[in-house]
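A.B. asks: Going down the list, the sequences are from chains A and B.
Under the numbering used here, the first sequence is numbered contiguously, ending at residue 196.
Under the numbering used here, the second sequence is numbered contiguously, ending at residue 196.
The structure is given below, and queries will be raised subsequently.
Number of protein chains: 2
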Amino acid sequence: MFQNLSKSERQKGIKEYLSKDPFLSDKKLAELFNFSVQTIRLDRLEMGIPEMRKRIVQVAKNTPSTDKVKSLKKEEIIGELIDIELGKNGIAILKTTKDMAFNKTGIVRSHYIFSLADSLAISIIDTEVALTGIARLSYKKPVYAGQTLVAKARVARNRGNKYLVSVHVKTDQKEVFTGKLVIFSVNDKIKKEKT
Amino acid sequence: MFQNLSKSERQKGIKEYLSKDPFLSDKKLAELFNFSVQTIRLDRLEMGIPEMRKRIVQVAKNTPSTDKVKSLKKEEIIGELIDIELGKNGIAILKTTKDMAFNKTGIVRSHYIFSLADSLAISIIDTEVALTGIARLSYKKPVYAGQTLVAKARVARNRGNKYLVSVHVKTDQKEVFTGKLVIFSVNDKIKKEKT
DNA sequence: GCACCTATTATTAGCTACTAATAATTGTAA
DNA sequence: TTACAATTATTAGTAGCTAATAATAGGTGC
C-alpha cells in the first residue's frame with residue numbers, strides 16, 4: 002500500500018486511517034504501511050492513540066450519543082412560506098425527509114408537523130413577538146418521509162392580544178393534521194416580568 | 002449478588018444483564034452470579050451469546066440491538082433521557098440554547114418544548130412503534146434560552162393500544178408547560194395499510 | 001575513522017479474555 | 001449402585017496488546 006514514507010507522513014497516515022476505521026489492529030496497520038508492528042506501536046504511543054480494543058470500546062460507548070442534544074434545525078422546522086396575509090391566513094410547505102422520521106417505519110415524527118403548524122401560526126400574527134399559549138393537536142394519518150406537507154393557517158378569532166389560529170396540514174389532498182392554537186402577541190415588557 | 006440460582010434462572014439473568022451492559026466479562030459475570038467462570042462460559046455457549054469483545058464490536062458497529070428504549074433510538078430523542086420506567090414514567094432534560102429561541106426576545110420557540118415532551122412521551126411507551134394522536138398543550142410561562150428544562154412524563158391511562166400520557170415541564174421549580182398526549186402503540190401492519 | 005543519535009526492528013515476559021478439549025467432582029434420581 | 005446432569009478445574013492455544021530491553025542500520029559532526 003505504502004512505501005518509503007517518512008516517520009511524520011506515516012504517523013499522519015495512521016491517524017487518518019484510524020479516524021476512518023478504528024477497528025484496525027497494529028498488525029493490519031503494519032501491513033498497510035509496510036512497517037513492523039513495533040514501529041506502529043511506537044507511533045501510537047507517541048501520538049497517544051490507545052490500542053484497538055480500547056478504541057472499539059470508545060466507539061461502542063459513544064455511538065448511542067448519550068448526552069448530545071439533537072436540536073431541530075430552523076430550515077427543517079419552518080418549511081417554506083408560500084403565501085401570507087398578516088393577521089388573516091397563511092400557507093407553508095414542508096418537504097419531509099428520512100431524518101425527520103422513525104427509522105423503523107419511515108413515519109414522520111409528530112413534532113416536525115407541529116413545528117410547521119406552530120411556526121406558521123406565529124408567522125401570520127401581525128406583531129413583533131408572538132407566543133403559543135394553548136394548543137390542541139390532532140394527528141389524523143401518519144405522514145411518510147418524502148411526502149410534502151401543505152399547511153394552511155387561519156386566524157379564527159382575535160380578542161385583544163389573544164389569537165385563535167386553526168391550522169390544517171394536508172398531503173395529497175388528505176388531511177393529516179389539524180390544530181387549534183391560542184397565540185398571544187406580546188411586547189417586550191413580558192420578558193422583564195418573568196425573568 | 003446472587004446465590005443458589007437454578008441453571009435456567011441464572012441463564013435468564015445473564016441474558017438480562019448482558020442486554021443492559023454488553024461490556025461485562027465472564028469473570029465479572031461469575032462474580033455477580035457467584036458461579037465459576039467455566040459455568041458462565043457454558044451458559045453463553047448454550048445461549049449462543051458471543052464473547053465480550055465481539056459484543057463490544059457489535060455495539061460499536063451499530064448492529065441492531067434491542068435497546069431499552071424500543072420506539073426511538075437515543076439520537077432521535079430531543080433532550081437527554083435521565084430516567085425511564087417503560088410503560089410508567091420518565092424524565093428528560095433539555096438545555097435550551099440561543100438557536101432555539103427568537104432572536105428578539107430570547108424566548109424559546111414553543112415547538113422545542115413540545116418536541117421534548119412528545120419524544121419523552123413516545124419513549125416511555127413500551128412498544129415497537131408509537132405515534133401521537135391527539136395532544137393538548139398549555140404553555141404556562143416563557144422559557145429563556147439557557148434555561149434547563151426538566152420534563153416529567155407519566156402514563157395516566159392505558160386502554161389497549163391507546164395511552165394517555167401527561168407531561169410536565171419545569172425550569173427552576175416553575176412549571177412552564179403541561180401537556181396531555183394520546184399516543185397509540187402500533188404494529189408494522191399500519192405501515193403497509195397506509196402506504 | 002569514531003562517537004553519537006534517531007529510527008527501526010526484534011525479543012522476551014506478562015496481561016486479559018477468551019476457545020477448545022479433557023477431566024474431575026458433586027449431587028440427585030432411577 | 002449406576003447413570004446422568006451440572007458444575008468446576010486444568011491445560012494448551014489464541015489475538016492483541018503493554019512494557020522493557022536489546023540489536024541493527026543509517027546518517028551527522030568532528
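Yeah, the Cβ is synthetic: ideal placement off N, Cα and C, and Gly gets one too.
(1) How far does the beta strand (DSSP E) with I184 (chain A) in it extend, from its first residue to its last?
(2) Rounding to the nearest angstrom, what Cα-Cα distance links G134 (chain A) and I85 (chain A) in this structure?
(3) For the region 126 to 160 of chain A, which residues have a CB atom closer than 8 angstroms to at least one CB atom of chain B, in sequence order?
(4) Spell out whether any CB of chain B is found under 8 angstroms from the CB atom of V60 (chain A).
(5) Quick one, which of A:G180, A:D119, A:V144, A:G107 has its alpha-carbon nearest H112 (chain B)'s?
(6) Check the Cβ of I85 (chain A) against every Cβ in chain B and list those closer than 8 angstroms, keeping chain order.
(7) Counting C-beta neighbours from all protein chains within 10 Å, is the total for G49 (chain A) 16 or more, i.e. buried, or is it exposed?
(8) If distances are taken between C-alpha atoms only, which option among A:S20, A:I126, A:R11, A:D22 comes closest to R42 (chain A)?
(9) Keeping to the same chain, check which residues put their C-beta closer than 6 angstroms to that of L132 (chain A); ignore five residues upstream and five downstream.
(10) Excluding the 5 residues flanking V151 (chain A) on each side, which residues of the same chain have their C-beta closer than 6 angstroms to its C-beta?
(11) Taking a cut of 8 angstroms between CB atoms, which residues from the region 106 to 120 of chain B lie near chain A?
(12) Per DSSP, what are the beta-bridge partners of H169 (chain B) in this structure?
(13) For T167 (chain A), collect the residues of the same chain with a Cβ closer than 6 angstroms to its Cβ; drop the 5 residues on either side in sequence, then sort them by chain order.
(14) Provide the residue span of the alpha helix (DSSP H) that contains E129 (chain B), from first to last.
(15) Quick one: which residues of the region 30 to 58 of chain B get their C-beta closer than 9 angstroms to a C-beta of chain A? List them in chain order.
(16) Near S72 (chain B), what residues of its chain come up, given a Cβ to Cβ distance below 8 angstroms and the 5 sequence neighbours on each side ignored?
(17) From what residue to what residue does the beta strand (DSSP E) around D84 (chain B) run?
(18) How do the region 142 to 151 of chain B and the region 102 to 111 of chain B stand: do at least 3 beta-carbon pairs fall below 8 angstroms, yes or no?
(19) As a quick exercise: from A:I114, A:N159, A:G14, pick the residue whose alpha carbon is nearest that of P143 (chain A).
(20) Looking only at its chain, what residues have a beta carbon closer than 6 angstroms to the beta carbon of S139 (chain B), apart from the 5 residues adjacent to it on each side?
(21) So, under 8 angstroms CB-CB, V58 (chain A) and I57 (chain B) are touching, yes? Tell me the CB distance rounded to an integer number of Å.
(22) Since V177 (chain A) and K141 (chain A) are thought to touch, with beta carbons under 8 angstroms apart, how far apart are those beta carbons, to the nearest angstrom?
(23) What is the rounded straight-line gap between the Cα of S116 (chain A) and the Cα of M101 (chain A)?
(24) Based on Cα-Cα distance, which residue from A:I83, A:Y164, A:S9, A:N159 lies nearest to T40 (chain A)?
(25) Look up Y164 (chain B) in the DSSP assignment and give the residues it is bridged to.
(26) What alpha helix (DSSP H) runs, 4 residues minimum, are completely inside the region 23 to 62 of chain B?
(27) Would you mind reading off the limits of the beta strand (DSSP E) that contains I94 (chain B)?
(28) Is it buried or exposed, D173 (chain B), if we count other Cβ atoms within 10 angstroms and call 16 or more buried?
(29) With a CB to CB cut of under 6 angstroms and the five nearest residues on each side skipped, what residues in its chain are close to S53 (chain A)?
(30) Classify D44 (chain A) as buried or exposed, calling it buried when 16 or more other Cβ atoms lie within 10 Å of its own Cβ.
(31) Within a Cβ cutoff of 6 angstroms, which residues of the same chain sit near G14 (chain A), ignoring the five residues on either side of it in sequence?
C.D. replies: So, from the listed chains and residues:
(1) 175 to 187
(2) 22 angstroms
(3) E129, V130, L132, T133, G134, I135, A136, R137, L138, S139, Y140, K142, P143, Y145
(4) yes
(5) A:D119
(6) By Cβ distance, chain B contributes nothing, its closest Cβ being about 18 angstroms from I85 (chain A), past 8 angstroms.
(7) exposed
(8) A:R11
(9) F185, V187
(10) I94, K171
(11) T106, G107, I108, R110, S111, H112, Y113, F115, S116, D119, S120
(12) B:K153, B:T179
(13) Sequence check: residue 167 (chain A) is Ser here, not Thr. Within the same chain, S167 (chain A) has close Cβ partners R155, A157, K181.
(14) Segment: none, E129 (chain B) is in no alpha helix (DSSP H) and carries neither H nor E.
(15) R54, R56, I57, V58
(16) No answer about S72 (chain B) holds up, because its pLDDT of 44 lies below 50 and its placement is not dependable.
(17) 81 to 86
(18) yes
(19) A:I114
(20) T179
(21) 6 angstroms
(22) 5 angstroms
(23) 12 angstroms
(24) A:S9
(25) B:N159, B:I184
(26) 27 to 34, 38 to 48, 53 to 61
(27) 90 to 96
(28) exposed
(29) Note that residue 53 (chain A) is Met in the sequence shown, not Ser. Contacts found: S26.
(30) buried
(31) none
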